[in-house]
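> Protein chains in written order, with the numbering used here: chain V, 415 to 729; chain U, 15 to 246.
Each residue gets a CB set at the ideal place from its N, CA and C atoms; glycine is no exception.
My structure is below; once you've seen it, I'll send some questions.
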Amino acid sequence: MEVFVVSLLNGLVYGMLLFMLASGLTLILSMMGVLNFAHASAYMLGAYFAYTISQYIGFWPALIIAPVLCGLIGAGIEMWGLRRVHQNGHIAELLFTFGLALLIEKGVQMTWGLLPVPYRVPELLDFPLFKIYGTQFPAYRAFMLLISALMFGAIWLGLTRTRIGLVIQAALTHPDMASALGHNVPRIFTLVFAAGTALAGLAGVIGGNYQVTEPAMAFTMGPIVFVVVVFGGLGSLSGCFIASILMGLIQTFAVVFDVSLADLLAKFGFVVTSSTPFAEILTVTLPRIGALLPFLMMVLILVFRPRGLMGTRDT
Amino acid sequence: MMLEVRDLHAFYGKSHILQGVDLSVDQGEIVSLLGRNGVGRSTACKTIMGLVPPAGQINFKGRAIAGLRPDQIAHLGIGYVPEDRQVFPGLTVRQNLELGLKRAGVVGRWKFEDVFKLFPNLGERQDNPAGVLSGGEQQMLTMCRTLMGDPDLVIIDEPTEGLAPKLVEQVGTLLDEIARRGTAILLVEQKLTIALKISRRLYVMGHGRIVFEGTPAELAANAGVRKEWLEV
Chain V
415 MEVFVVSLLN GLVYGMLLFM LASGLTLILS MMGVLNFAHA SAYMLGAYFA YTISQYIGFW
475 PALIIAPVLC GLIGAGIEMW GLRRVHQNGH IAELLFTFGL ALLIEKGVQM TWGLLPVPYR
535 VPELLDFPLF KIYGTQFPAY RAFMLLISAL MFGAIWLGLT RTRIGLVIQA ALTHPDMASA
595 LGHNVPRIFT LVFAAGTALA GLAGVIGGNY QVTEPAMAFT MGPIVFVVVV FGGLGSLSGC
655 FIASILMGLI QTFAVVFDVS LADLLAKFGF VVTSSTPFAE ILTVTLPRIG ALLPFLMMVL
715 ILVFRPRGLM GTRDT
Chain U
15 MMLEVRDLHA FYGKSHILQG VDLSVDQGEI VSLLGRNGVG RSTACKTIMG LVPPAGQINF
75 KGRAIAGLRP DQIAHLGIGY VPEDRQVFPG LTVRQNLELG LKRAGVVGRW KFEDVFKLFP
135 NLGERQDNPA GVLSGGEQQM LTMCRTLMGD PDLVIIDEPT EGLAPKLVEQ VGTLLDEIAR
195 RGTAILLVEQ KLTIALKISR RLYVMGHGRI VFEGTPAELA ANAGVRKEWL EV
């Protein structure tokens, strides 16, 4: 039970962090058709910016400034890069964002070095919030949950209650129609791209000190975020939300349940020994393949339900 | 002339879809663009609207609009209703209409009440997602959404396609109402019924060009054109 509650909370924290990244990516992908490989790079930049800013003026200003910087970079990339490349088709865009991701990684390595930087949780939040069954729950994780929940609320209100949100929703399904009705769709694209990168940056600010701030963090986070987007379905923020939380929980729970197929078979009275065929595979424990589970789910959903959980069109 | 199109060409990749189209629409006039499927009528609409890159001359209210973005063209006063009923499925009926407005809360010749009076179904379902409406209701919503932007000229692409006869009649009523309020219409149709009844002038398109231009009476008298370019 104790393992369950703690893992549930941790899974939720991780899931919300994933959602902060995936929500931007899913909007960009469904609206503009751009598979943005550099999205997780904004996450990394957010963490590094926050690290540097907090050395000078502290964590709290960094919480605002770092995402804004990421958003501005995103707007620049969209206006002066993507928009031109877009005319040459999706392959060109894909290669463009891929190149960008590599450039940002090298840039980060040259600026901040190859080793992880000591980006730490602010002192104010560096205490255990409560104890359940002898395990401490850090206050910072609660703070992460709070920030993600606030952000989720803000996105939802923005998309459903404001006119610009309605135009974004309209442009998600029918960009040409939205534009023919007099809405400046390229400007909406820039806005969405900037907001998406700013969100990824924010995820970096609050996730970089929870995990590790290092040059490889973009390339470890990137694929998982893609899985979430595909799994949740294109064009659906609710699907994206569910997929994020699910993925967060799966990854957290996979680490704590030390079971294998052999254990399962043993329950049915079938004992696996080293001479059983495929014994190597049958005795692999869940934590060892935990990192693979998201990709397994992506492959399965692409084959059996290409629209994802709640998508409005095929991936 | 309010809209004047001269020697308009358009391409999809390497296929030359519009091969020099000339047409014009005057203020408050109803003009129909007829022709079989695939002759380029829809492409002509999209090209005028800026959704397909144009080559040639398009003037609207004396201003060259070829090369402008669709939203700029819309703000100059051209409305466009596509053939495939592009309602925004996740938004409510009312939100769909709101997005037809060029500026939040600024209505012109068409008000929400006008739409709901003409089509009570839309009024009853104004808080439902547009995606659950029937095909006919979606067609009416698409037309009314464009009208909310108060265009001076509205390009309507095959509004009666796939509609039951009773709904075709409703489309006819709406077209009459649009004209009565002084908005010019460029109507793309395949069927002759409505077009002959309401248009002042007609164009017939074939193979990316205009092959006939005249009044409904002239087209009715010209069996050759109808046989070669219209009848299936």
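#1: For a minimum of 4 consecutive residues, which ranges assigned as the alpha helix (DSSP H) are wholly contained in the stretch 470-518 of chain V?
#2: DSSP three-state call for Glu203 of chain U: helix, strand or coil?
#3: Quick check on Pro84 of chain U: buried or exposed, where buried means 16 or more other Cβ atoms within 10 Å of its Cβ?
#4: Could you pull the start and end residues of the alpha helix (DSSP H) that Lys180 of chain U belongs to?
#5: CB Leu136 of chain U to CB Glu151 of chain U, shorter than 8 Å?
#6: Do Ile582 of chain V and Leu573 of chain V have their beta-carbon atoms positioned less than 8 Å apart in this structure?
#7: What would DSSP say about Phe551 of chain V, mapped onto helix, strand or coil?
#8: Could you tell me whether the Cβ of Ala584 of chain V comes closer than 8 Å to any Cβ of chain U?
#9: Per DSSP, what kind of secondary structure is Glu537 of chain V in: helix, strand or coil?
#10: Kindly indicate the opening and closing residues of the alpha helix (DSSP H) around Arg159 of chain U.
#11: How do the stretch 425-441 of chain V and the stretch 658-672 of chain V stand: do at least 3 beta-carbon pairs fall below 8 Å, yes or no?
#12: Given this structure, state the Cα-to-Cα distance separating Ile199 of chain U from Arg721 of chain V, to the nearest angstrom.
#13: Taking Cβ positions only, does Glu191 of chain U come closer than 8 Å to chain V?
#14: How about the stretch 101-114 of chain U and the stretch 65-78 of chain U: do they share at least three Cβ pairs that are nearer than 8 Å?
#15: Just the Cα atoms here: how many angstroms apart are Glu507 of chain V and Ala676 of chain V?
#16: Please confirm whether any heavy atom of the ligand HEM lies closer than 7 Å to the CB of Asp164 of chain U.
#17: List, in chain order, every chain A residue whose beta-carbon is nearer than 8 Å to that of Val581 of chain V.
#18: Cutting at 6 Å between CB atoms, please list the residues of its own chain near Met446 of chain V, excluding the five before and the five after it.
#19: May I ask you to verify whether the stretch 186-196 of chain U touches the stretch 40-53 of chain U, counting CB pairs closer than 8 Å and requiring at least 3?
#20: Determine the direct distance from the alpha carbon of Tyr624 of chain V to that of Phe709 of chain V, and round the result to whole angstroms.
#21: Examine the Cβ distances between the stretch 499-513 of chain V and the stretch 446-456 of chain V and report whether three or more of them are shorter than 8 Å.
#22: Give the DSSP bridge partners of Ile92 of chain U, in chain order.
#23: If contact means a Cβ-Cβ distance below 7 Å, which residues of the stretch 88-106 of chain U contact chain V?
#24: Could you check what DSSP says for Gly70 of chain U in three-state terms: helix, strand or coil?
#25: Given a cut-off of 8 Å, decide if Leu216 of chain U and Thr197 of chain U are closer than it, judged by their beta-carbon atoms.
#26: Check the Cβ-Cβ distances between Met732 of chain V and every residue of chain U, and say whether any is below 8 Å.
#27: Using a Cβ-Cβ distance cut-off of 8 Å, determine whether Asp85 of chain U contacts chain V.
#28: In the DSSP output, what is Arg4 of chain U paired with across the bridge?
#29: Can you tell which of V:Phe671, V:Tyr470 and V:Glu416 has its C-alpha closest to the C-alpha of Phe551 of chain V?
#30: Answer yes or no: do Ser562 of chain V and Phe433 of chain V have a C-beta to C-beta separation smaller than 8 Å?
#31: Does the stretch 613-624 of chain V come into contact with the stretch 454-468 of chain V, if we say contact requires no fewer than three beta-carbon pairs (one atom in each stretch) closer than 8 Å?
#32: For the structure I just gave you, are there three or more beta carbon pairs, one from the stretch 544-559 of chain V and one from the stretch 472-483 of chain V, closer than 8 Å?
#33: Mind pulling the chain V residues with CB within less than 9 Å of Gly42 of chain U?
#34: At the 8 Å Cβ level, is Val499 of chain V part of the contact set with chain U, yes or no?
#35: In or out: Lys520 of chain V buried (at least 16 other Cβ within 10 Å) or exposed?
#36: Check the DSSP bridge columns for Arg220 of chain U and list the partner residues they point to.
This is what the structure gives:
#1: 473-490 and 497-500
#2: Counting from 1 along the second sequence, the entry for residue 203 of chain U is found at position 189. Three-state result, Glu203 of chain U: strand.
#3: Along the second sequence, read from residue 1 onward, the residue named residue 84 of chain U stands at position 70. Its Cβ being crowded by 16 or more others within 10 Å, Pro84 of chain U is buried.
#4: Here residue 180 of chain U refers to the residue found at position 166 when the second sequence is read from its first residue. Taken as a continuous stretch (DSSP letters only), the alpha helix (DSSP H) holding Lys180 of chain U covers Pro179 to Arg194.
#5: Counting from one through the second sequence, the residue named residue 136 of chain U turns up at place 122. Counting from one through the second sequence, the residue named residue 151 of chain U turns up at place 137. Yes, these two residues count as a Cβ contact at 8 Å.
#6: Start at 1 with the first residue of the first sequence, and residue 573 of chain V comes out as number 159. Start at 1 with the first residue of the first sequence, and residue 582 of chain V comes out as number 168. Yes, these two residues count as a Cβ contact at 8 Å.
#7: Here residue 551 of chain V refers to the residue found at position 137 when the first sequence is read from its first residue. Phe551 of chain V falls in the strand class under three-state DSSP.
#8: For the purposes of this step, residue 584 of chain V is taken as residue 170 along the first sequence, with counting starting at 1. By this cut-off, Ala584 of chain V is an interface position.
#9: Translated into the one-based positions of the first sequence, residue 537 of chain V becomes position 123. Here Glu537 of chain V sits in helix by DSSP.
#10: Translated into the one-based positions of the second sequence, residue 159 of chain U becomes position 145. Segment Gly149 to Met162, the alpha helix (DSSP H) holding Arg159 of chain U.
#11: yes
#12: The residue given as residue 199 of chain U occupies position 185 in the second sequence. The residue given as residue 721 of chain V occupies position 307 in the first sequence. One C-alpha to the other measures close to 39 Å.
#13: Within the second sequence, the letter at position 177 stands for residue 191 of chain U. No, Glu191 of chain U does not count as interfacial toward chain V.
#14: no
#15: As a working mapping, residue 507 of chain V is identified with position 93 in the first sequence. As a working mapping, residue 676 of chain V is identified with position 262 in the first sequence. Cα to Cα, the separation comes out at about 46 Å.
#16: Questions concerning the ligand HEM fall outside what the structure shown contains, since it holds no ligand whatsoever.
#17: No chain A is present in this structure, whose protein chains are V and U.
#18: Stepping through the first sequence from its first residue, residue 446 of chain V is reached at position 32. Cβ neighbours of Met446 of chain V beyond the five flanking positions: Phe603.
#19: yes
#20: Here the question's residue 709 of chain V lines up with position 295 in the first sequence. Here the question's residue 624 of chain V lines up with position 210 in the first sequence. For Phe709 of chain V and Tyr624 of chain V, the distance between alpha carbons rounds to 23 Å.
#21: yes
#22: The residue you call residue 92 of chain U lines up with position 78 of the second sequence. Ile92 of chain U pairs with U:Leu167.
#23: Ala88, His89, Tyr94, Pro96, Gln100, Phe102, Pro103, Gly104 and Leu105
#24: For the purposes of this step, residue 70 of chain U is taken as the residue at position 56 of the second sequence. DSSP places Gly70 of chain U in strand when its eight states are reduced to three.
#25: As a working note, residue 197 of chain U is residue 183 in the second sequence. As a working note, residue 216 of chain U is residue 202 in the second sequence. No; because the gap between Cβ atoms is not below 8 Å, this pair is not in contact.
#26: Residue 732 of chain V lies beyond the stretch modelled for chain V, which goes from 415 to 729, so this question has no answer here.
#27: Here residue 85 of chain U refers to the residue found at position 71 when the second sequence is read from its first residue. By this cut-off, Asp85 of chain U is an interface position.
#28: As shown, chain U starts at 15 and ends at 246. That puts residue 4 of chain U outside it, with no answer to give.
#29: As a working mapping, residue 551 of chain V is identified with position 137 in the first sequence. Among V:Phe671, V:Tyr470 and V:Glu416, the Cα nearest to that of Phe551 of chain V is on V:Glu416.
#30: Along the first sequence, read from residue 1 onward, the residue named residue 562 of chain V stands at position 148. Along the first sequence, read from residue 1 onward, the residue named residue 433 of chain V stands at position 19. In this structure, Phe433 of chain V lies closer than 8 Å to Ser562 of chain V by Cβ.
#31: yes
#32: no
#33: On the second sequence, residue 42 of chain U is found 28 positions in, with the first residue counted as 1. Near Gly42 of chain U there are no residues of chain V at all, since even the closest Cβ is about 21 Å away, more than 9 Å.
#34: Here residue 499 of chain V refers to the residue found at position 85 of the first sequence. It does not; no Cβ of chain U falls within 8 Å.
#35: As a first step, residue 520 of chain V is located in the first sequence; it is residue number 106 there, counting from the start. The residue is exposed, with fewer than 16 neighbouring Cβ atoms inside 10 Å.
#36: What you label residue 220 of chain U is simply residue 206 of the second sequence in a count that begins at 1. Before going further, note that residue 220 of chain U is Gly rather than Arg in the sequence given. Paired residues: U:Arg223.
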